[in-house]
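Sequential numbering from 394 applies to the sequence shown in my numbering. Ideal placement from N, C-alpha and C gives every residue a C-beta, glycine not left out. All values reported here derive from a predicted model rather than from experimental measurement.
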Amino acid sequence: MAAYLVQGRGVKDFPALRAFAAAQPQALNALLAKLSDAMATYLINQARAGADAVQIFDSWAGILSLRDWERLIRPHLETMLKKVGEADVPRILFLQNAPHLMEAYASLPAEVLSVDWRVDIADVQGPPTLIAPCRATSTRRYCSTAPHSRKRRRQICSGVSIRRGIS
Numbered sequence: 394m395a396a397y398l399v400q401g402r403g404v405k406d407f408p409a410l411r412a413f414a415a416a417q418p419q420a421l422n423a424l425l426a427k428l429s430d431a432m433a434t435y436l437i438n439q440a441r442a443g444a445d446a447v448q449i450f451d452s453w454a455g456i457l458s459l460r461d462w463e464r465l466i467r468p469h470l471e472t473m474l475k476k477v478g479e480a481d482v483p484r485i486l487f488l489q490n491a492p493h494l495m496e497a498y499a500s501l502p503a504e505v506l507s508v509d510w511r512v513d514i515a516d517v518q519g520p521p522t523l524i525a526p527c528r529a530t531s532t533r534r535y536c537s538t539a540p541h542s543r544k545r546r547r548q549i550c551s552g553v554s555i556r557r558g559i560s
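Take a look at the structure:
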């Protein structure tokens with residue numbers, strides 16, 4: 394959301410956002426804190442209203458390097474995920490165009506990582522025999538237990554549905 398608020402619209406690489414981050418890092422930090430707090434409240438209320446799970450989209454994660462993502466985004470995303478965890482619903486975290494951030498995302502407190510088509514699921518899921526249809530969705534999506542989490546099962550889902558007839 395911050396990308397759109399600062400830039401005004403979706404554009405490749407978000408140059409206004411990058412300039413804002415460089416020129417006014419404290420202001421960006423304050424904006425991200427407000428947005429993550431508001432989104433946590435919204436998602437908690439969705440869970441209280443009966444949502445079986447919540448999904449957080451980090452659609453522009455891939456435009457940042459790991460170093461910049463760790464510095465700018467991670468603290469706010471982690472705080473938001475922890476707050477939403479109090480609602481006791483599965484947290485699904487989607488990242489787009491960010492295979493270079495997979496390990497960092499896998500360490501966040503979310504039960505499910507949802508990735509786009511650019512991520513080779515074989516690289517993150519472990520043995521192919523662990524792939525199974527996700528039971529909680531109405532469309533056929535494929536999930537797998539990922540080896541990234543030592544404390545609990547973690548699921549990785551493709552960000553797109555698998556169409557009928559595809560084997």
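Only buried fits residue 454, as 16 or more other CB atoms lie within 10 angstroms of its CB. Between residue 497 and residue 467, the gap from beta carbon to beta carbon is short of 8 Å.
Within the same chain, and ignoring the five residues on either side of residue 475 in sequence, the residues whose Cβ sits closer than 7 Å to its Cβ are 502. The three-state secondary structure of residue 419, taken from DSSP, is helix. Counting along the chain, the unbroken beta strand (DSSP E) around residue 488 starts and ends at 484 to 488.
Residues of the same chain with a CB within less than 6 Å of the CB of residue 451, apart from the 5 flanking positions on each side, are 488 in chain order.
A residue is called buried once 16 or more other Cβ atoms fall within 10 Å of its Cβ, and residue 491 is buried on that count. For residue 451, the enclosing beta strand (DSSP E) has its first and last residue at 447 to 451. By a beta-carbon distance limit of 8 Å, residue 407 contacts residue 396. Their separation comes to about 5 Å.
In the DSSP assignment, residue 506 falls within the beta strand (DSSP E) that extends over 505 to 508.
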